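>
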Amino acid sequence: MAEIVDISSNTGCDFVGGVYLAYATDSANITAVTVSAGVITGFTMSGTGQWGKLEFDDVNNVAFFNETGELVGNTVRMNGEGLMQFSGISQAKITAANQAKACCGVVVIWFQNDGLKRVQGIDVDLSDNWTFTTPTQPRILPNLNSDTGENEAIMQYNVPHQGKYASPTTSLDGAAIEAL
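When we follow my numbering, the leftmost residue of the sequence shown carries the number 2, and every step to the right adds one.
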């Protein structure tokens with residue numbers, strides 16, 4: 002149903018942006034999603050231990066997950082992009098980057114600094130029906146930069162997507178995700 006709903010303003014200075022942690026899995030690992038009132042409350046996986054915990058180094062406060070709307074003809078699309086940064090480059094990180102970029106579609110749960118947890122890669126409609134994000138599923142695009150002698154070498158995961166709906170939230174915490 003199309004409708005404009007009330008949104009109240011917030012006050013105070015506790016509204017901090019950015020993200021500090023993410024969990025990711027190949028979308029092929031997800032067989033079902035449980036949704037209640039637009040919130041993802043559970044995932045059914047094809048096996049256990051299929052979520053990677055991505056603890057990025059964010060001393061420079063560069064990690065984010067953002068979405069912007071775009072009008073394509075008469076259709077509104079949500080363009081999303083997440084960025085996480087890891088200090089240093091090693092063969093282990095190069096191998097991890099090559100494995101991550103091999104996924105044709107990923108689902109990422111972003112832990113925002115304000116406490117919200119957003120799920121990139123799942124579209125949830127107004128009737129709580131879910132699909133993997135279309136028209137463009139998220140993919141991990143790795144960047145490995147030596148930088149200059151004044152700075153540090155870094156590896157970044159850039160995760161773009163385009164979907165029909167804004168990325169939903171989840172009620173799952175880290176322990177619940179790791180138990181899947």
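Each residue gets a CB set at the ideal place from its N, CA and C atoms; glycine is no exception. Everything numeric in this text was worked out from a predicted model, so none of it was measured.
Cα separation between V40 and R119?
Working through the sequence shown from its first residue, we reach residue 40 at position 39. Working through the sequence shown from its first residue, we reach residue 119 at position 118. Each residue's Cα considered, the two are about 9 Å apart.
> With which residues is S88 paired in a DSSP beta bridge?
For the purposes of this step, residue 88 is taken as the residue at position 87 of the sequence shown. DSSP output for S88 lists I155 as bridge partner(s).
> Leaving aside the five residues before and after T170 along the sequence, list all residues of the same chain whose C-beta is less than 8 Å from its C-beta, in chain order.
By 1-based counting over the sequence shown, the position of residue 170 is 169. Result list for T170: G39, V40, I41, L117, K118, R119 and V120, in chain order.
> Taking the alpha carbon of A98 as the point to measure from, which residue in N159, V17, A180 and N30 has its own alpha carbon closest?
Position 97 of the sequence shown, counted from the start, is the residue given in the question as residue 98. Out of N159, V17, A180 and N30, N159 has the C-alpha closest to the C-alpha of A98.
> Let me know the secondary structure DSSP gives S37 once reduced to three states.
Taking the first residue of the sequence shown as 1, we reach residue 37 at position 36. DSSP places S37 in strand when its eight states are reduced to three.
> Leaving out the 5 sequence neighbours to the left and right, which residues in its chain are closer than 7 Å to G122 when beta-carbon positions are compared?
Translated into positions along the sequence shown, residue 122 becomes position 121. Only S28, G106, V107, V108, V109, F133, T134, Q138, P139 and H162 meet the Cβ criterion.
> Closer than 7 Å: is that where the CB of L55 sits relative to any heavy atom of the ligand GTP?
By its list of ligands, the structure shown contains no ligand whatsoever, and the ligand GTP lies outside what it can speak to.
> Identify, in the order they occur along the chain, each residue of the same chain with its Cβ nearer than 6 Å to the Cβ of L145, setting aside the five sequence neighbours on each side.
Within the sequence shown, residue 145 is the residue found at index 144, counting from 1. Excluding positions up to five away in sequence, the list reads I90 and M156.
> Considering only residues of the region 45-112, which uninterrupted alpha helix (DSSP H) runs meet the minimum length of 4 residues and lie entirely inside it, listed in chain order?
List check, alpha helix (DSSP H) in window: 92-102.
> Tell me, which residues are paired with T137 by DSSP?
For the purposes of this step, residue 137 is taken as the residue at position 136 of the sequence shown. Answer is Q163.
> Suppose the cutoff is 7 Å on Cβ atoms and the five residues either side in sequence are ignored; what does the same chain contact list for A185 look like?
Limits of the chain in this structure are 2 at one end and 181 at the other, which puts residue 185 out of reach.
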